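To keep things clear, I will list the structure first and then write my remarks on it.
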Amino acid sequence: MILYQDKLVVETGGRGTIEVTSELAAIVAESSVYSGLAHIFLQHTSASLMLTENADATVRQDLETLFSRWVPDGDPAYRHNYEGDDDMSAHARSVLTTSQLSVPIIEGKLGLGTWQGVFLWEHRTGAFQRSIIVTVQGEMF
Amino acid sequence: MILYQDKLVVETGGRGTIEVTSELAAIVAESSVYSGLAHIFLQHTSASLMLTENADATVRQDLETLFSRWVPDGDPAYRHNYEGDDDMSAHARSVLTTSQLSVPIIEGKLGLGTWQGVFLWEHRTGAFQRSIIVTVQGEMF
Amino acid sequence: MILYQDKLVVETGGRGTIEVTSELAAIVAESSVYSGLAHIFLQHTSASLMLTENADATVRQDLETLFSRWVPDGDPAYRHNYEGDDDMSAHARSVLTTSQLSVPIIEGKLGLGTWQGVFLWEHRTGAFQRSIIVTVQGEMF
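Protein chains in written order, with this note's numbering: chain A, 1 to 141; chain B, 142 to 282; chain C, 283 to 423.
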């Protein structure tokens, strides 16, 4: 069994999604794991990770519309607003999605479905540097 | 350490939940892992996985009611509607729940709580064939 | 590769969050794993786990406000209400958050971000005893 750990740093440019599938695939290739799991962990609480369709960008635009409806920025009920109107909404969007997930590795590649991609979702309106810890576990054969 | 990987194919019959706990338990038994983790990964973005109560089916009926309220089919705001009114809502329900999860293996069995079951939740109104990759890691003793 | 499994029992005092980060860190230290993953699994369907900001408690107060808005107690649409007005809402809050997650272990410590904590979120209004299974996998060096 191999254990391989690496860090991926992503520069975001305000609220929106950034696909990280190919960066993760490169780390899996680097690990030499043929069969196992790749765990992806975002070290932040105002952005999140998401598995969703990667073919049509309107899916992610519609998700943005829905999350903006569920979690409005600057809601008068929020007590946590030190960093602005998008501060608390970013934490709530993070909790409704996820900060960590694992993808199976099958024959040396990420075992994603045909239309599945892994996305980092920046929930703050400003630009941030986001760190993702990737932990790969498995066998070489 | 053992690594065992298998695929579970589930035929769905339209929107609704299908319990897959016993199928997962069978794969864990097949793996011979006594202590470890079973990772369950759905290779689709318009269905999802869920850990919830398996005793009373009204829990899942009420979840259906709540998700239909939060994520209406055919919302006029959706841009992604190629496959019909349930297309975008299925993606959003998937993101609000999860596509992957791990369950501990304790003494050779899934370490679920007394009332916990693992469910596949089909979010499309049509019938689909859904693939789940199960990756079991752990020790034989 | 080491596999280490332990159980954490938490007494809750009604709806609200309880940080369990230091209890998890203690189990990781006990495991002697230097590089790997700690998987945390809650064996219940009316409470959940959450990764969120641990610095300012108003984040969790605002999350409580938002979840109470999305999932009202005693909604007339609920069929599942055997255990009271908070029964079905607790299951729905559990499904919207998560029952399980993994945190990377880096140099023998939980690889959380600066402001990240792991919380148990009790969704029932009464006090319960909640069991968390912790499974640590990794290498000693």
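Think of the CB as a built atom: it goes at the ideal place given N, C-alpha and C, for glycine as much as any other residue.
On a predicted model such as this, the values are computed, not experimentally measured, just so you know.
> Skipping 5 residues on each side, what residues in its chain have a beta carbon closer than 6 Å to that of A90 (chain A)?
Replying inline: S46, H123 and R124
> Thinking C-alpha only, which one of B:Q270, B:R220, B:L253 and B:F269 is nearest L165 (chain B)?
Replying inline: B:L253
>> If the cut-off is 8 Å on Cβ atoms, which residues from the segment 93-104 of chain A count as contacting chain B, listed in chain order?
In response: L96, T97, T98, L101, S102, V103 and P104
> For S189 (chain B), which of A:Q116, A:I18 and A:Y78 has the nearest alpha-carbon?
Replying inline: A:Q116
>> Given a cut-off of 9 Å on the beta-carbon distance, is the pair H321 (chain C) and S413 (chain C) in contact?
In response: A distance of 9 Å or more separates the beta carbons of H321 (chain C) and S413 (chain C).
>> Tell me whether the segment 230-249 of chain B and the segment 97-107 of chain A touch, counting them as touching only if at least three CB pairs, one residue from each stretch, are closer than 8 Å.
In response: yes
> Between the C-alpha atoms of D368 (chain C) and G356 (chain C), what's the straight-line distance to the nearest angstrom?
Replying inline: 7 Å
> To which residues of the same chain is A55 (chain A) closer than 8 Å at the C-beta, ignoring the five residues directly before and after it?
Replying inline: Listed in chain order, the non-local C-beta contacts of A55 (chain A) below 8 Å within the same chain comprise W115, local neighbours out to five positions each way being set aside.
>> At the 9 Å Cβ level, is V200 (chain B) part of the contact set with chain C, yes or no?
In response: yes
>> Taking a contact to mean a Cβ-Cβ separation below 9 Å, would you say G155 (chain B) touches A268 (chain B) in this structure?
In response: yes
>> Can you pull the chain A neighbours of M332 (chain C), defined as C-beta to C-beta under 8 Å?
In response: V95
> Under 7 Å Cβ-Cβ, which residues of chain A neighbour I322 (chain C)?
Replying inline: In chain order: nothing, as chain A lies at least about 10 Å away.
>> For a test of the three-state rule: what should DSSP assign to A38 (chain A), helix, strand or coil?
In response: strand
>> Against A218 (chain B), what residues of chain A qualify as contacts under a CB-to-CB distance less than 9 Å, listed in chain order?
In response: D62, T65, L66 and R69
> If you draw a straight line from the C-alpha of G157 (chain B) to the C-alpha of S314 (chain C), how long is it?
Replying inline: It is roughly 44 Å from the alpha-carbon of G157 (chain B) to the alpha-carbon of S314 (chain C).
> Touching or not, the segment 197-208 of chain B and the segment 58-77 of chain A, by the rule of three or more beta carbon pairs under 8 Å?
Replying inline: no
>> Against chain C, does S32 (chain A) count as a neighbour if the rule is that its beta carbon must be under 9 Å from one of theirs?
In response: no
> Taking the C-alpha atoms as reference points, what is the distance between V418 (chain C) and I133 (chain A)?
Replying inline: 17 Å
>> Please report the distance separating the alpha-carbon of L107 (chain B) from that of T21 (chain A).
In response: This structure cannot speak to residue 107 (chain B), because chain B is shown only from 142 to 282.
>> What would DSSP say about R130 (chain A), mapped onto helix, strand or coil?
In response: strand
> What is the DSSP secondary structure of D75 (chain A), reduced to helix, strand or coil?
Replying inline: Coil.
> Excluding five sequence neighbours on each side, which residues of the same chain lie with their C-beta closer than 6 Å to the C-beta of L324 (chain C)?
Replying inline: L331, S381 and I414
>> In the DSSP output, which residue or residues are listed as bridge partners for M191 (chain B)?
In response: B:F260
>> Using the three-state DSSP reduction, which class does T417 (chain C) fall into: helix, strand or coil?
In response: strand
>> What residue range does the beta strand (DSSP E) around T17 (chain A) cover?
In response: Taken as a continuous stretch (DSSP letters only), the beta strand (DSSP E) holding T17 (chain A) covers G16 to E19.
>> Tell me the DSSP secondary structure of Q325 (chain C) in three-state form.
In response: coil
> Along chain C, in chain order, which residues have C-beta atoms closer than 7 Å to that of E194 (chain B)?
Replying inline: Near E194 (chain B) (Cβ distances below 7 Å), the residues of chain C are T327 and H373.
> What number of angstroms, rounded off, separates the C-alpha of A308 (chain C) from the C-alpha of Y223 (chain B)?
Replying inline: 51 Å
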